[in-house]
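Engineer:
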Amino acid sequence: MTEHVDLAHYSAALDEIHRLRAVLAYEAAVTAAHLGYATFPKSRREAAENQVERMRSAARGEPASHGSVSHMSLRHGLREAGASETLTRWQWEHARAGHACRNCEGVDPESCPFGPKTAQRVLDSEGIR
176 MTEHVDLAHY SAALDEIHRL RAVLAYEAAV TAAHLGYATF PKSRREAAEN
226 QVERMRSAAR GEPASHGSVS HMSLRHGLRE AGASETLTRW QWEHARAGHA
276 CRNCEGVDPE SCPFGPKTAQ RVLDSEGIR
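Residue 304, in our numbering, is where the sequence shown stops; the numbers in between run on with no holes.
Here you go:
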């Protein structure tokens, strides 16, 4: 049973990764189409072309695309989007409606080893903000 739950979460994570790659590919195509307009500012063209290539590279899952933007810029982008800067296993498993992870069965959620308080303690101990 526990293995089934873990596989279900793994499958859901892969589905989400695939959807995010599809969204990146779509947004890259939209931005590339905008580059076709004569009214697109020449001063922004190179930056937009680079952006399209980064989105396409990320959509293909190329590891090099991850290093093209600094970690701080990525975190800033998440904040600007109103998204969490971290994603722990606990957050992922508990975001699924109506499911409690196997680590919390019969345990106070505050005691879950993958809980947000535990994750924050780890981040604090490593000096990560």
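All residues carry an ideal CB built from backbone N, CA and C; glycine is no exception.
#1: Inspect the beta-carbon positions of Glu202 and Met230 and report whether they are closer than 8 Å.
#2: If we call anything under 8 Å between Cβ atoms a contact, is Ala258 one with Arg196?
#3: Can you give me the start and stop residues for the alpha helix (DSSP H) that His241 sits inside?
#4: Please classify Val205 as buried or exposed, where buried requires at least 16 neighbouring CB atoms within 10 angstroms.
#5: Measuring straight from C-alpha to C-alpha, what distance separates Glu237 and Pro216?
#6: Along the chain, where does the alpha helix (DSSP H) containing Arg235 start, and where does it finish?
#7: For Leu199, count neighbouring Cβ atoms within 10 angstroms of its own Cβ and tell me buried if that reaches 16, exposed if not.
Structural biologist: Concretely, from the data shown:
#1: yes
#2: no
#3: His241 -> no alpha helix (DSSP H), and no H or E assigned at all.
#4: exposed
#5: 29 Å
#6: Where Arg235 is concerned, there is no enclosing alpha helix (DSSP H), given that its DSSP letter is neither H nor E.
#7: buried
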